[in-house]
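A.B. asks:
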Amino acid sequence: MIDVTEEINAIRRTVGTRTLEAGEARVITVSRSYATTLDDLWDACTNAERIPRWFLPVTGDLRVGGRYQLEGNAGGTIEECEPPVRFRATWEFGDAISWIEVRLTAEGPDHTRLELAHTAPVDAHWSEFGPGAVGIGWDLGLVGLHLHLTTGAPVDPVRVDEWTRSDPGLRFMALSSDAWRDADAASGTPAIDAAAAADRTIAAYTGGDPHA
Numbered sequence: 009m010i011d012v013t014e015e016i017n018a019i020r021r022t023v024g025t026r027t028l029e030a031g032e033a034r035v036i037t038v039s040r041s042y043a044t045t046l047d048d049l050w051d052a053c054t055n056a057e058r059i060p061r062w063f064l065p066v067t068g069d070l071r072v073g074g075r076y077q078l079e080g081n082a083g084g085t086i087e088e089c090e091p092p093v094r095f096r097a098t099w100e101f102g103d104a105i106s107w108i109e110v111r112l113t114a115e116g117p118d119h120t121r122l123e124l125a126h127t128a129p130v131d132a133h134w135s136e137f138g139p140g141a142v143g144i145g146w147d148l149g150l151v152g153l154h155l156h157l158t159t160g161a162p163v164d165p166v167r168v169d170e171w172t173r174s175d176p177g178l179r180f181m182a183l184s185s186d187a188w189r190d191a192d193a194a195s196g197t198p199a200i201d202a203a204a205a206a207d208r209t210i211a212a213y214t215g216g217d218p219h220a
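Using this note's numbering, you'd call the opening residue of the sequence shown number 9 and step up by one each time.
#1: Per DSSP, C89 forms a beta bridge with which residues?
#2: Going by the DSSP bridge assignment, what does Y42 pair with across the sheet?
#3: In the DSSP assignment, what are the bridge partners of G24?
#4: Using a Cβ-Cβ cut-off of 7 Å (strictly less than) and excluding sequence neighbours within five positions of L178, which residues of its own chain qualify?
#5: Spatial neighbours of T209 within its chain, please: C-beta separation below 8 Å, excluding the five flanking residues on both sides.
#6: Express the C-alpha separation of C89 and R96 in angstroms, rounding to a whole number.
#7: Using 8 Å as the threshold, is the region 48-58 in touch with the region 23-36, meaning 3 or more CB pairs across them?
#8: Quick one: grab the DSSP three-state call for E14.
#9: Taking C-beta to C-beta, are F63 and G149 nearer than 8 Å?
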């Protein structure tokens, strides 16, 4: 059983600004501490056999310069890798390209913090949906990683799908959307704009009216 409030509160979220050659970009960052070693968390995040146990099946060449593809989701190129503490890759979905960077930091002998920064250009999609468009998905992914690391078992995709449609799953996504709304506003986005983007995002995730 997942404690929705505990899982939401276990994640730190920030939204920042970065300037790229192509123009302005936003950086959403998620961070969570896990009760495992640095090497084990690195393996869970980079081993093609373990990644599907908590996230999505992945194919490709998982080394610098190699291409990867997540089943039914993004693909890209691995640009940098410094085992066991950091890797950086493009995140390509449809015609859109953004970037992810994962950093791991040991917090003692048996705890490790994962920090994932996702850099996305400020385009029409960002203007409409804000950070929650990718932030909710990353929040869900970090929960999957927590379950895998604490139980050792693979996450069942069928049960995950059922959970996201259940009342607790819908509540998790709603609270995640609220948290990203607050992080967006804290970054300087006008509160009314952050709230409107969050409403559109949660409606897209749940297929419902956020005001119903």
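Ideal Cβ positions, reconstructed from N, Cα and C, are used throughout, including at glycine.
C.D. replies: In brief:
#1: As a working note, residue 89 is residue 81 in the sequence shown. Bridge pairing for C89: F95 [DSSP].
#2: Taking the first residue of the sequence shown as position 1, residue 42 is located at position 34. Y42 is bridged to T120.
#3: As a first step, residue 24 must be located in the sequence shown, where it is residue number 16. Answer by DSSP bridge pairing, in chain order: V35.
#4: Within the sequence shown, the letter at position 170 stands for residue 178. The answer, listed in chain order, is T214.
#5: Locating residue 209 in the sequence shown gives position 201, where the first residue counts as 1. The residues are F137, G138, G140, A141, I144, S185, W188.
#6: By one-based count along the sequence shown, residue 96 stands at place 88. By one-based count along the sequence shown, residue 89 stands at place 81. Taking the straight line joining both Cα atoms gives about 6 Å.
#7: Too few Cβ pairs lie closer than 8 Å, so no.
#8: Residue 14 sits at position 6 when you count from the first residue of the sequence shown. Reduced to three states, the DSSP call for E14 is helix.
#9: Looking up residue 63 in the sequence shown gives position 55. Looking up residue 149 in the sequence shown gives position 141. In contact: F63 and G149 (Cβ atoms closer than 8 Å).
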